[in-house]
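Protein sequence lines, in the order shown, are assigned to chains A and B. So the first sequence is numbered by the numbering used here: it starts at 3 and just counts up by one. So the second sequence is numbered by the numbering used here: it starts at 1357 and just counts up by one. Here a beta-carbon is modelled for each residue, glycine too, at the ideal position from N, C-alpha and C. Worksheet: one structure, shown below.
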Amino acid sequence: MPHPSAPIPQTPTAVALPLRLLPLGPLSLSLTAYSRSVARRHPGLFRRLGAYNHTRFVLDPTDLPFVICLDPNGGVPRVTLTRGQGDGAARIAGPLAALLGMVHGAFDGDALFFSRDLVIEGDTSAALALRNAIDDAELDLSQEITRLSGPFAAPLQRLFALMERRSGVSLTRSKEVDAW
Amino acid sequence: MVMEIVCPAGTPAAMRAAVSAGAHTVYCGFADETNARNFPGLNFGRNEMREGIAFAHAHGSQVLIAINTFPRAGDEGPWHRAVADAQSCGANAVILADIGLLDYAARHHPDLRRHLSVQAAAANADMINFYADTFGVKRVVLPRVLSVPEIAAINAETAVETEVFVFGGLCVMAEGRCSLSSYATGLSPNMNGVCSPASHVDYHNDNGVLDARLGGYTIHRVQKDKPAPYPTLCKGCFSTTDKTGHLFEDPVSLNAEQLIPQLQKAGVTALKIEGRQRSRSYVAQVVRNFRAAVDALEAGQPMPEGMLARLSEGQAMTTGAYKKTWR
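In structure tokens, the structure reads:
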């Protein structure tokens, strides 16, 4: 887990460039299935979205060659990866590490906004609701993957931990949070 | 006696973070306009509040519920229900601002401890003693307009506990009396629980230059790579005939960490951290920092140097009115 005062890592170009070749259609379908698995385990996230439970969000990792369009769809989410700007009521943009760090409770969204690492456009109220709902959900995206990985769960978890240490990118929920 | 750290929690997760990080007390609010942080995605449903309080109590922390907006004429029901629900959820106290609501709580829920919100702007001992004598108020949250000697003077003339802000956002005016947000949006922290509501905020980014608009007014334009402030009118940067600058207040956060020994000598009981709108990451970092500070004070050690600049609005900090160097 990166220290909150550490600089935000940027995805290296050598990693980002090959991602241009990714087939976004199949990846979108996989991420939709994954997000629905997360949704089943965290229904409170969608309750907390309230009036924005059907608002389409654009999550823009600025150091990757695609954006993520998230439609909460009342708790049965759809995820679409697309090249270009994407279409949604609210856009939250920043380095992938900043977005993941917010999800995992490593970074504070307001602090990222103050430092200009995070940019919000469109419906500010919707963006705020999403930020707050995700913060309350205490997600661990790595754990959500390993949970679906059967016998590969343990080695995958070790791989995520190694990648987190090497990259400085928050890939798991804060250990301070786990200590509760 | 260790000074009490009173920490914000906008969500159940933030409450757990605060308790885990060492908060003696957590303050929070219901998910409606009865509290002054009525932001989308924030606050507690009744069941969440009940469970959160049980969690806090199980870990030795107390919970205060802020019901600190002003009831609407002819529609006081939500505020009355909030007070009743605070008691049934097991809150250790309610934080109230409105005289009518204080009277209601004192008459209908006399066993529920009452604190006076900063929104009441009680800034002298006579006023504080009036609230104590009339409504049984046990603690007052002092407005962020007082110097340390003025706080000491108040404590010398009242038996009411005093709680002061030590970290977080600053309001430029005596709290509870600001109409800037109402002017631009029609919604205010005092009546609706929202200062500069997000529904009225628009950001525009043009080659790294950030424009923030509130209710259609451009209130600041931040150049590329410069720290951004909150989109509140009081932190706005305005142009007059001959210069451009922050007319009301610079976009900085309060940080009175190094003044904690002086605040203790001034008779302050509790130290309050602002930020119910912030994440659990903020809560954990700030609470841990201030808990270390009060523990160091208790052990007779020097105040530790904090690492909170990154969390601060505009990435800059001030001791605010506690040191009125402009006088």
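So residue i packs on residue j, CB below 8 Å; how close in whole Å?
i	j	result
B/Ser-1417	B/His-1380	6 Å
B/His-1636	A/Asp-137	What sits at residue 1636 of chain B in the sequence shown is Arg, not His. Their Cβ separation, rounded to whole angstroms, is 6 Å, which keeps B/Arg-1636 and A/Asp-137 in contact under 8 Å.
A/Asn-75	A/His-56	6 Å
B/Glu-1519	B/Thr-1625	6 Å
B/Met-1359	B/Val-1650	5 Å
B/Val-1557	B/Ala-1568	7 Å
B/Val-1516	B/Ile-1484	5 Å
B/Ile-1455	B/Asn-1480	Contact doesn't hold; Cβ gap of about 16 Å is too wide.
B/Ala-1319	B/Tyr-1383	The displayed coordinates of chain B run from 1357 to 1683. Any statement about residue 1319 of chain B would go beyond what the structure contains.
B/Asp-1459	B/Phe-1491	6 Å
A/Leu-66	A/Leu-21	6 Å
B/Ser-1538	A/Ser-127	B/Ser-1538 to A/Ser-127, Cβ: 18 Å. No contact.
A/Val-69	A/Gly-88	4 Å
For residue i, which residues in the same chain have their Cβ closer than 7 Å to its Cβ, ignoring the five residues on either side in sequence?
i	result
B/Ala-1508	Ala-1622, Gly-1623
A/Asp-73	Arg-58, Pro-79, Arg-80
A/Arg-118	none
A/Arg-2	What the structure shows of chain A is the stretch from 3 to 182, and residue 2 of chain A is not part of that stretch, so it cannot be assessed.
B/Phe-1521	Arg-1500, Leu-1610, Lys-1628, Glu-1630
B/Lys-1494	Arg-1469, Arg-1470, His-1471, Val-1516, Glu-1517
A/Val-105	Ile-136, Leu-141, Leu-143
A/Gly-52	Ala-131
B/Ala-1447	Ile-1409, Val-1419, Leu-1420, Ile-1421
B/Gln-1579	Val-1565
Can you list, in chain order, the residues of its chain with a C-beta nearer than 6 Å to that of residue i? Leave out the 5 residues immediately preceding and following it.
i	result
B/Ala-1392	Asn-1424, Thr-1425, Pro-1545, Gly-1549
A/Ala-99	Ile-10, Pro-11, Val-171
A/Val-40	Glu-146
B/Glu-1404	Pro-1368
B/Ser-1668	Ser-1609
B/Ala-1377	Ala-1640, Val-1643, Arg-1644
A/Leu-144	Note on residue identity: the sequence assigns Ser, not Leu, to residue 144 of chain A. Closer than 6 Å at the Cβ level, and outside the excluded window around A/Ser-144, lie Phe-162, Leu-173, Thr-174.
B/Ala-1672	Val-1608
A/Ala-129	Ala-92, Ile-94, Ile-122
B/His-1602	Cys-1593
B/Ala-1488	Val-1516
B/Ile-1451	Leu-1420, Ala-1422, Asn-1424, His-1471, Ser-1473
In terms of residue numbering, what span does the beta strand (DSSP E) encompassing residue i cover?
i	result
B/Asn-1561	1557–1562
B/Phe-1594	1593–1595
B/Asp-1606	Taken as a continuous stretch (DSSP letters only), B/Asp-1606 belongs to no beta strand (DSSP E), as it is neither H nor E.
B/Leu-1570	1565–1570
B/Ile-1616	Careful: B/Ile-1616 lies outside any beta strand (DSSP E), inside the alpha helix (DSSP H) at 1616–1621.
A/Ala-18	Where A/Ala-18 is concerned, there is no enclosing beta strand (DSSP E), although the alpha helix (DSSP H) it sits in stretches over 15–18.
B/Gln-1418	1418–1423
Who pairs with residue i in a beta bridge, going by DSSP?
i	result
A/Gly-124	A/Ala-92
B/Lys-1628	B/Val-1362, B/Phe-1521
B/His-1471	B/Ile-1451, B/Arg-1495
B/His-1576	B/Ala-1568
A/Cys-71	A/Val-60, A/Thr-82
B/Met-1673	B/Ser-1609
B/Phe-1704	Limits of chain B in this structure are 1357 at one end and 1683 at the other, which puts residue 1704 of chain B out of reach.
B/Arg-1428	B/Asp-1431
B/Thr-1381	B/Val-1362, B/Gln-1418
Quick check on the DSSP output: the alpha helix (DSSP H) that includes residue i runs from which residue to which?
i	result
B/Gln-1443	1433–1445
B/Leu-1684	Only positions 1357 to 1683 of chain B appear in this structure, which leaves residue 1684 of chain B out of reach.
A/Val-171	Neither: A/Val-171 is in no alpha helix (DSSP H) and is coded neither H nor E.
B/Asp-1651	1636–1654
A/Asp-112	111–116
B/Tyr-1539	1536–1541
A/Arg-50	45–51
B/Asn-1511	1504–1512
B/Gln-1657	Element bounds for B/Gln-1657: n/a, residue is neither H nor E.
A/Met-104	98–105
A/Glu-146	143–148
Excluding the five sequence neighbours on either side, which residues of its own chain have a C-beta within less than 8 Å of the C-beta of residue i, listed in chain order?
i	result
B/Thr-1574	Asp-1567, Ala-1568
B/Tyr-1586	Gly-1525, Ser-1552, Pro-1607, Glu-1669
B/Ala-1440	His-1464, His-1465
A/Ala-181	Reliability fails at A/Ala-181, whose pLDDT of 37 lies under 50, so the model's placement of it is uncertain and the value that follows must be treated cautiously. Once the five neighbours on either side are set aside, A/Ala-181 has no close Cβ partner at all.
Could you list which residues in chain D have their beta carbon closer than 9 Å to that of residue i, in chain order?
i	result
B/Pro-1583	Note that chain D does not occur in the displayed structure, where the protein chains are A and B.
Legend entry - chain B contacts from the region 127–141 of chain A (Cβ-Cβ distance under 8 Å): Ser-127, Ala-128, Ala-129, Leu-130, Ala-131, Leu-132, Arg-133, Asn-134, Ala-135, Asp-137, Asp-138, Ala-139, Glu-140
Legend entry - the region 47–60 of chain A: positions lying closer than 8 Å to chain B by Cβ: Arg-50, Leu-51, Gly-52, Ala-53, Tyr-54
Inset, instruction - Pull out every residue of the region 115–126 of chain A whose Cβ sits closer than 9 Å to any Cβ of chain B, in chain order. - result: Phe-115, Phe-116, Ser-117, Arg-118, Val-121, Ile-122, Glu-123, Gly-124, Asp-125, Thr-126
Inset, instruction - Could you list the residues in the region 84–105 of chain A with a C-beta less than 9 Å from some C-beta on chain B, going in chain order? - result: Ala-95, Gly-103, Met-104
Inset, instruction - Identify each residue in the region 1631–1647 of chain B for which the Cβ-Cβ distance to at least one residue of chain A is less than 7 Å, and report them in chain order. - result: Arg-1634, Ser-1635, Arg-1636, Ser-1637, Tyr-1638, Ala-1640, Gln-1641
Legend entry - Contact list for the region 1361–1376 of chain B against chain A, Cβ threshold 9 Å: Gly-1366, Thr-1367, Pro-1368, Ala-1369, Ala-1370, Arg-1372, Ala-1373, Val-1375, Ser-1376
Inset, instruction - With 7 Å as the C-beta to C-beta threshold (strictly closer), list the residues of the region 1386–1410 of chain B near chain A in chain order. - result: Phe-1395, Pro-1396, Gly-1397, Leu-1398
Inset, instruction - Determine which residues of the region 1542–1566 of chain B have a Cβ less than 9 Å from any Cβ of chain A, and write them out in chain order. - result: Pro-1553, Ala-1554, Ser-1555, His-1556, Val-1557, Asp-1558, Tyr-1559, His-1560, Asn-1561, Gly-1564, Leu-1566
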